[in-house]
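**Student:** Starting off with a structure, shown below.
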Amino acid sequence: MYIPKDYLAADKKEILNFIRTYSFASIITVKDNFQTASHLPFVVTETENEIILTSHFAKANPQWKQITNNNVLVVFTEPHAYISPQYYDSEINVPTWNYMAVHVYGKGRIITEQKESFAVLESMINNFEKEYKTQWDKLPMDYKTKMLKGITAFQITITDIQATKKLSQDKKETEKQRIISAFEKSSHDNEKIIASMMKQNEIK
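The sequence shown maps to residues 35 to 238 in our numbering.
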């Protein structure tokens, strides 16, 4: 990913928090010079030595067959907001966009063992809706096993993370404050979040 120096995000904790918050991402693979993308929820776990993403494909989606051939790319993005030149001191300016994005590269591994596949599903339940776990535990095992046969669980061991946050770092303080003030009053959630991110970035 092209990342201008001013927009480089390097704080590991911040990046992992971003992945956890905006966990619905695009996974991109390449086969025979052809790109394939799917949109999936991911769970990120960190050990002493590794950072791992887990998720699952529908078994009918043939992309799962490609994740072990080459490094895969997973793109996490959101939120984003249009920045009008009305916020700048000079009229000699153009519109732009504020956003944060994380590109994750890694080695894919297909999970074939039933117990480990169930563990992936349950980690996703615990991550996205803990309350559902009680209902899940009551489901008949033959039903859960049948559902499991319809998916392909996998994990990605991360080999590289590239992150950018473009939050008007190159603008004057008065201009940034003008954007923050306008976005905090906005009816659009993305603009409110960008305002919050801009304020947090100013603190660092």
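Don't be surprised by glycine CBs; every beta carbon is placed ideally from N, CA and C.
#1: Measure the C-alpha to C-alpha separation of Ile-254 and Tyr-41 and round it to an integer number of angstroms.
#2: Do Leu-107 and His-137 have their beta-carbon atoms positioned less than 8 Å apart in this structure?
#3: Identify whether Pro-38 lies in helix, strand or coil by the three-state DSSP scheme.
#4: Do the CB positions of Ile-192 and Ile-37 come within less than 8 Å of each other?
#5: Under 8 Å by Cβ, that's how I've got Thr-102 and Gly-142 pegged, so tell me the actual separation to the nearest angstrom.
#6: Curious, which full-length beta strand (DSSP E) runs of at least 3 residues does the segment 71 to 120 contain?
#7: State the start and end residues of the unbroken alpha helix (DSSP H) segment that holds Lys-172.
#8: Does the segment 170 to 177 come close enough to the segment 110 to 119 that 3 or more CB-CB pairs lie under 8 Å?
#9: Do you know offhand how far His-114's Cα is from Ile-144's?
#10: Taking the continuous beta strand (DSSP E) assigned at Tyr-133, which residues delimit it?
#11: Residue ranges of each alpha helix (DSSP H) run of no fewer than 4 residues wholly in the segment 171 to 218, ordered along the chain?
#12: In its own chain, which residues sit with a C-beta less than 7 Å from the C-beta of Phe-52, not counting the 5 before and 5 after it?
#13: Three-state secondary structure (DSSP) at Ile-227?
**Tutor:** This is what the structure holds:
#1: Outside the shown range of the chain (35 to 238) lies residue 254, about which nothing can therefore be said.
#2: Yes. Within cutoff.
#3: Of the three classes helix, strand and coil, the one that applies to Pro-38 here is coil, per DSSP.
#4: Ile-192 places its beta carbon 8 Å or farther from that of Ile-37.
#5: With a contact defined as Cβ atoms closer than 8 Å, Thr-102 and Gly-142 qualify at about 5 Å.
#6: Listed in chain order, the beta strand (DSSP E) runs fully inside the segment 71 to 120 are 77 to 80, 85 to 92, 106 to 117, counting runs of at least 3 residues.
#7: Taken as a continuous stretch (DSSP letters only), the alpha helix (DSSP H) holding Lys-172 covers 166 to 172.
#8: Fewer than three beta-carbon pairs drawn from the segment 110 to 119 and the segment 170 to 177 are found closer than 8 Å, and the two stretches are therefore not classed as touching.
#9: About 33 Å.
#10: Looking at the DSSP string, the run of the beta strand (DSSP E) that includes Tyr-133 is 130 to 145.
#11: At a cut-off of 4 residues, the continuous stretches assigned as alpha helix (DSSP H) that sit fully inside the segment 171 to 218 are 175 to 182, 207 to 218.
#12: Once the five neighbours on either side are set aside, the close Cβ partners of Phe-52 are Phe-110, Met-134, Val-136.
#13: Helix at Ile-227.
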